[in-house]
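Heads up: the sequence shown is residues 85 to 335, going by the numbering used here. Where is the CB? At the ideal position from N, CA and C, for every residue including glycine. Each remark here refers to the structure printed beneath this line.
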Amino acid sequence: MTPLIAGNWKMNGSLAANEALLGALAQGLAAPGAAEVAVCVPAPYLAQVQALKAKWPALARLQLGAQDVSHQATGAYTGEVSAAMLQDLGCRFAIVGHSERRQYHGETDARVADKAKQALARGITPIVCVGETLAEREAGHTVEVVKRQLAAVIHANGHCISEIVLAYEPVWAIGTGKTASPEEAQAVHAVLRAQLHAATPHAGLLKIIYGGSMNAGNAAALLAQPDIDGGLIGGAALKAPDFLSILAAAA
Ligand code: 13P
85 MTPLIAGNWK MNGSLAANEA LLGALAQGLA APGAAEVAVC VPAPYLAQVQ
135 ALKAKWPALA RLQLGAQDVS HQATGAYTGE VSAAMLQDLG CRFAIVGHSE
185 RRQYHGETDA RVADKAKQAL ARGITPIVCV GETLAEREAG HTVEVVKRQL
235 AAVIHANGHC ISEIVLAYEP VWAIGTGKTA SPEEAQAVHA VLRAQLHAAT
285 PHAGLLKIIY GGSMNAGNAA ALLAQPDIDG GLIGGAALKA PDFLSILAAA
335 A
């Protein structure tokens, strides 16, 4: 399957910095490639990236994503951004259930499942994040945790589950420089693939991507695993050469 390399800029950037980063990426993205590529940018900058994509043909390959989406469709939800708004801004993807949202914004499994549903209703592919904390891993609960997180999304979305991208992001590997070994990551991806197989006949086509300190040095070994279909990149997505190296490793 075509791998997906998605950058998650998190709460970084400015109008000037984004333009510089996209300018540098454009040079590397001008030629067609064998991988899908996306950037998930802060909501206030979605329109900027949409406009730059329209202006610079070299960015045609770069798909746009958001970092979150509301669990509601419309109405009195101050501060929220709806899936319809993301659709308006040309978003192809929306990250849902990132561990930073679960941890700092109290997002439950059920809330994450509702967000995935809202995205799917607008033709936006939710990048559904699952992953265990260090304490959960050390207690031997990794499989139980990620299966519980995924089960909620399967339960709420039925046969539409075949339309998601799943991201395994072990919380202890995010921003820490500690990556899951290719074998550790593959083992969890295989568990998730099996769970998806039980839910949809299309599980073999569904992308399961890895996130957590993926960088130019370790990407190739991770992406070589049979059930790792791409990467969700944090820190390394803010540096064009690093992000492009990871993309090259996927192609
Ligand atoms: P880092 O690549 O900075 O570890 O972040 C991973 C991540 O959380 C992507 O969503």
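- Leaving aside the five residues that flank Gly295 on each side, the residues in its chain whose CB is nearer than 6 angstroms to its CB run, in chain order, Ala251, Glu253, Leu316.
- Pro141 is classed as exposed because its beta carbon has fewer than 16 other beta carbons within 10 Å across all chains shown.
- For Gln270, same chain residues with a beta-carbon under 8 angstroms away, outside a window of 5 residues either side, are Gln309, Pro310, Asp311, Ile312 in chain order.
- The Cβ-Cβ distance between Glu220 and Val229 falls below 8 angstroms.
- At a threshold of 7 angstroms, Leu290 does not count as near the ligand 13P, since its beta carbon sits no closer than that to any of the ligand's heavy atoms.
- Non-local beta-carbon contacts of Gly117 in its own chain, meaning distances under 6 angstroms to residues more than five positions away in sequence, involve Ala335 in chain order.
- When the five nearest sequence neighbours on each side are left out, the beta carbons in the same chain lying within less than 6 angstroms of the beta carbon of Asn299 are those of Ala320, in order along the chain.
- Here Leu289 is exposed, its C-beta having fewer than 16 other C-beta atoms within 10 Å.
- 8 angstroms or more divides the Cβ of Asp152 from the Cβ of Val123.
- Cβ-Cβ separation between Ala324 and Leu105: approximately 6 angstroms, consistent with a contact (criterion under 8 angstroms).
- Look at Ser246: its beta carbon is at least 7 angstroms from all of the heavy atoms in the ligand 13P.
- Taking the Cα of Ser297 as reference, the smallest distance to any Cα among Leu322, Cys175, Pro285, Ala282 is reached at Leu322.
- DSSP places Val153 in the coil class of the three-state scheme, outside both helix and strand.
- For Glu120, the beta-bridge partners assigned by DSSP are Leu88.
- Inclusion of Met298 in the 7 angstroms shell around the ligand 13P follows from its C-beta lying nearer than that to a non-hydrogen atom of the ligand.
- Sixteen is the threshold: since fewer than 16 other Cβ atoms of the shown chains lie within 10 Å of the Cβ of Tyr161, the residue is exposed.
- The closest heavy atom of the ligand 13P lies 7 angstroms or more from the beta carbon of His243.
- Non-local beta-carbon contacts of Cys244 in its own chain, meaning distances under 7 angstroms to residues more than five positions away in sequence, involve Leu204 in chain order.
- Ser154 places its beta carbon less than 8 angstroms from that of Gln202.
- Of the heavy atoms belonging to the ligand 13P, none sits nearer than 7 angstroms to the Cβ of Leu280.
- Minimum Cα-Cα distance from Pro285 among the listed residues Val272, Gly242, Pro210 corresponds to Gly242.
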